[in-house]
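Residue numbers (the numbering used here), protein chains in the order written: chain S, 115 to 229; chain W, 66 to 180. Beneath this line is the structure, given in structure tokens, with notes to follow.
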């Protein structure tokens with residue numbers, strides 16, 4: 115597709131369950147980001163993938179959160195044993211190249227509600 | 066490490082008035098700076114970016130921002146607000162020229178326009 119695609123767009127899950135959120139970046143983009151958008155918290159950086167380099171996981175809030183990127187393209191963000199405070203919009207973004215000077219393009223987000 | 070602070074979570078101006086959204090950054094290296102906008106029920110899109118060329122950067126929809134190193138600021142302005150400018154605005158900073166450098170966002174400022 116033309117843009118960053120995320121699925122599901124909405125997910126309601128019970129506390130304690132695991133969830134997987136998927137991101138398809140723009141074709142050919144080597145850099146991929148995950149951010150979390152909570153009410154009043156802005157955009158919280160979670161993880162950054164660039165090419166074949168080890169990902170920057172410095173923003174993951176706990177060891178319940180993990181992400182992988184297969185074949186340098188699709189990425190999956192996994193949240194284990196979900197808690198109510200995990201409720202947020204999870205945004206994926208991609209960029210043609212790594213590095214902080216490049217424009218990043220956002221998906222529409224996955225809205226996660228933990229009940 | 067880098068960070069960004071947006072002063073004012075909510076700004077309200079009258080239609081036709083000056084828009085000023087404040088952003089201060091911290092970076093140990095020369096920064097890249099961005100403003101992104103999120104219109105209601107839409108994804109984030111780039112408004113403008115500073116990449117060490119001209120200090121006054123012009124973006125879409127009549128917005129501009131000025132990089133002031135001495136003040137570590139990158140405030141966003143528009144001379145005359147329009148109703149369609151109502152949105153959430155995010156300032157972001159990226160530091161370093163390495164492909165490992167990532168982009169960090171502020172907490173956002175919601176702009177409301179009064180008729």
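We put the beta carbon where it would ideally sit given N, CA and C, even for glycine. Bear in mind the structure is a predicted one, so any value in this text is a computation, not a measurement.
In the DSSP assignment, the beta strand (DSSP E) including residue i goes from what residue to what residue?
| i | result |
| --- | --- |
| residue 71/W | 67–72 |
| residue 138/S | 133–138 |
| residue 128/W | That residue, residue 128/W, is in no beta strand (DSSP E); it is neither H nor E in DSSP. |
| residue 103/W | 96–103 |
| residue 89/W | 84–92 |
| residue 121/W | 121–123 |
| residue 171/S | Here residue 171/S belongs to no beta strand (DSSP E), and DSSP marks it neither H nor E. |
| residue 119/S | 119–121 |
| residue 229/S | It is not in any beta strand (DSSP E) - residue 229/S carries neither H nor E in the DSSP assignment. |
| residue 114/W | 109–115 |
Please state whether DSSP places residue i in a helix, a strand or coil.
| i | result |
| --- | --- |
| residue 222/S | coil |
| residue 177/S | coil |
| residue 77/W | strand |
| residue 149/W | helix |
| residue 198/S | helix |
| residue 186/S | coil |
| residue 160/W | strand |
| residue 211/S | coil |
| residue 164/S | strand |
| residue 124/S | strand |
| residue 144/S | coil |
| residue 138/W | strand |
| residue 177/W | strand |
| residue 171/W | coil |
How should residue i be labelled, buried or exposed, when 16 other C-beta atoms within 10 angstroms of its C-beta is the threshold for buried?
| i | result |
| --- | --- |
| residue 155/S | exposed |
| residue 104/W | exposed |
| residue 216/S | buried |
| residue 228/S | buried |
| residue 150/S | buried |
| residue 173/W | buried |
| residue 83/W | exposed |
| residue 129/S | exposed |
| residue 160/W | buried |
| residue 200/S | buried |
Inspect the beta-carbon positions of residue i and residue j and report whether they are closer than 8 Å.
| i | j | result |
| --- | --- | --- |
| residue 176/W | residue 151/W | yes |
| residue 128/W | residue 143/W | yes |
| residue 146/S | residue 159/S | no |
| residue 62/S | residue 170/W | Residue 62/S cannot be examined here, being either before or after the span of chain S that is shown, 115 to 229. |
| residue 218/S | residue 125/W | no |
| residue 191/S | residue 135/S | yes |
| residue 188/W | residue 158/W | Look at the range of chain W in this structure, 66 to 180, and you will see that residue 188/W is not part of it. |
| residue 165/W | residue 80/W | no |
| residue 91/W | residue 137/W | yes |
Report the neighbours of residue i on chain W: residues whose CB is nearer than 7 Å to its CB, in chain order.
| i | result |
| --- | --- |
| residue 184/S | Chain W residues near residue 184/S: none, gap ~20 Å exceeds 7 Å. |
Listing by chain order, which chain W residues have their CB less than 9 Å from the CB of residue i?
| i | result |
| --- | --- |
| residue 222/S | 107 and 108 |
| residue 142/S | Per Cβ cutoff of 9 Å: no residues; residue 142/S is ~15 Å from chain W at best. |
Residue i touches chain S at which residues, Cβ-Cβ below 7 Å?
| i | result |
| --- | --- |
| residue 132/W | Simply none; closest approach about 13 Å. |
Can you name the residues of chain W whose CB is closer than 8 Å to the CB of residue i?
| i | result |
| --- | --- |
| residue 130/S | Result: empty, since nearest Cβ-Cβ is about 29 Å, beyond 8 Å. |
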